[in-house]
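Comments concern the structure below.
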Amino acid sequence: MADGSFYFHLHPLKEKLTKKYPRRDNEINTLLGLFAVPEEQMLPSLIVYGLSSTGKTSILLELLTLVKVKHCVVNCIEAYTNRLLLKPIIETFLGQERCETENIRCDSIMQFVHLLKAESKSNKTFRESPHIIVLKNCNKLSEIQLQAFARISELTEKDNLCCIMITQIVPSQFNFNYPIQTIVFPQYSKDDLLCILWSQRPPEYPEEFYRDYLNLFLGYFLHVCRDLKELKNWVKIVFNKYVEPIEKKELKLSDSNLRSLLFRAIKPYLQKITNCVYLGTDFSIKGAVEPESKLGNSAIDLPMYTKYLLIAAYLASFNSPKYDKRLYLKGSDKAKKRAAIKHTAEKSVKQCLGPKAFSLNRLLAIFYAICDEPVNLTVNIYSQIASLIELRLMMHTNSDNLDEPKFKTTAPFSCVEDVGKNIKFDLKNYLLGV
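If you count the sequence shown from 1, position 68 lands on 68 in full-length UniProt numbering, and the numbers rise without skipping.
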């Protein structure tokens, strides 16, 4: 992000954020007070806590973009090594071209601190400009890494350097040496969700009609799901089924007992689909009630996220870890990606040596990189890994070590390729030596 001035009028910015993210006025005001006022000194570190789909990451990144402060966002799930964690920060702050020209590398926190400290002393522009490091899913970092980033401003002797740690884990679980200010994004209440989902009202239906529908919808879904992304998806799907009798001219909006008749028609479907809210599959209403017959290949019948996990496991088993950043990291240079694949084309013999073991962190990093949409790290992801092991598509290689479990894939290439085609993922574009 390019450098820019912090000077601007707060009122238009606040209006823009509150309009885009309703029911988050208090949190937006707090963030504006911390990062949008040039007279106030920047905090050395900040924790932003909230469960999935509470708007914490979206609001924070939108605000940082609007105030034009140079910042770097790192997803700690994908950055499972020090180099993957530190390299994007260095390239953002010092410039990617300079890092490549001068061959600047960071393989440890100590190197990272020394590099920023030296830059701050020698470069006045860098020293006086504000910089922010944003760590998503910071709970995936080690305790040493967390302690270092919490004190990064002190260690680098750069006063306007801040580290914002975003987490879904309660901040009291972190053992920091000193108190760190925390901003909490609470879960949306029913009234909040009614206000947010109201924006999706089809204009052809009356307000009272859609309000009754939302109350009915949330009455069924709220006890099993508070994830806003899931609710936004399902509220559209269920509404199409809800108004089906009206679309077919079986009922009219003017009918006196319309609400009870529509409820009676939709109730069986609501009871079925509330069981598959978090499955991560493209279930339709019909598919939830009357599942299609299974195909011959059981791997193709896996839930969508399980398919991505299977592909990630295959890539982790047959690709060298040193190419992970070029192949999977979003925004990486496509020319470098092609060069990496071409460079290893002659090494296809490695495919004949069988799958190599990989860590759970590397599996999840590749999974999140190849997935088309943001996925929340929940117990369902781990249960789907267990399902792949049960189906003998993956296996443990060190069952005795519970702290650092290792796996490898046992699925044949043809099976994984078919799964990739089923979800429109070209496996060969990411597999080295094929």
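Glycine is no exception: its CB is placed at the ideal position from the N, C-alpha and C atoms.
query	result
If you draw a straight line from the alpha carbon of arginine 23 to that of lysine 56, how long is it in whole angstroms?	12 Å
Excluding the 5 residues preceding and the 5 following proline 202 in the sequence, name in chain order all residues of the same chain whose CB lies nearer than 8 Å to its CB.	Tyr210, Phe239
Take leucine 431 as the anchor and find which of Lys424, Glu417, Ile246 has the nearest alpha-carbon.	Glu417
Answer with buried or exposed for glycine 296, where buried requires no fewer than 16 other C-beta atoms within 10 angstroms of its C-beta.	With a pLDDT of 38 at glycine 296, under the threshold of 50, the modelled position of this residue cannot be trusted, and the question is left open.
Determine the direct distance from the alpha carbon of glutamine 147 to that of threonine 156, and round the result to whole angstroms.	14 Å
Let me know if valine 243 comes out buried or exposed under the rule of 16 or more other beta-carbons within 10 Å of its beta-carbon.	buried
Can you pull the DSSP bridge partners for asparagine 75?	Lys136
Short check: CB of lysine 158 to CB of leucine 116, under 8 Å?	yes
Going by DSSP, what residue range makes up the alpha helix (DSSP H) through phenylalanine 318?	304-318
Three-state secondary structure (DSSP) at cysteine 415?	helix
Does the Cβ-Cβ distance between isoleucine 109 and cysteine 138 come in under 8 Å?	no
When DSSP builds the beta bridges, which residues end up paired with residue 444?	Missing from the structure shown is residue 444; the chain here goes from 1 to 434 and no further.
When we look at the beta-carbon of glutamate 100 and count the other beta-carbons within 10 Å, is it buried (16 or more) or exposed?	exposed
Have a look at leucine 17 and leucine 85 and give me their C-alpha separation to the nearest angstrom.	29 Å
Does DSSP classify isoleucine 273 as helix, strand or coil?	helix
Do you know how far the Cα of phenylalanine 126 is from the Cα of methionine 42?	15 Å
Given a cut-off of 8 Å, decide if proline 130 and asparagine 160 are closer than it, judged by their beta-carbon atoms.	yes
Using DSSP's beta-bridge definition, name the partner residues of methionine 394.	Thr409
Please state whether the Cβ-Cβ distance between isoleucine 59 and isoleucine 28 is less than 8 Å.	yes
Would histidine 11 be called buried (16 or more neighbouring beta carbons within 10 Å of its own) or exposed?	exposed
If we count the other Cβ atoms within 10 Å of its Cβ and call it buried at 16 or more, is leucine 253 buried or exposed?	exposed
Just how far apart, CA to CA, sit tyrosine 305 and lysine 325?	21 Å
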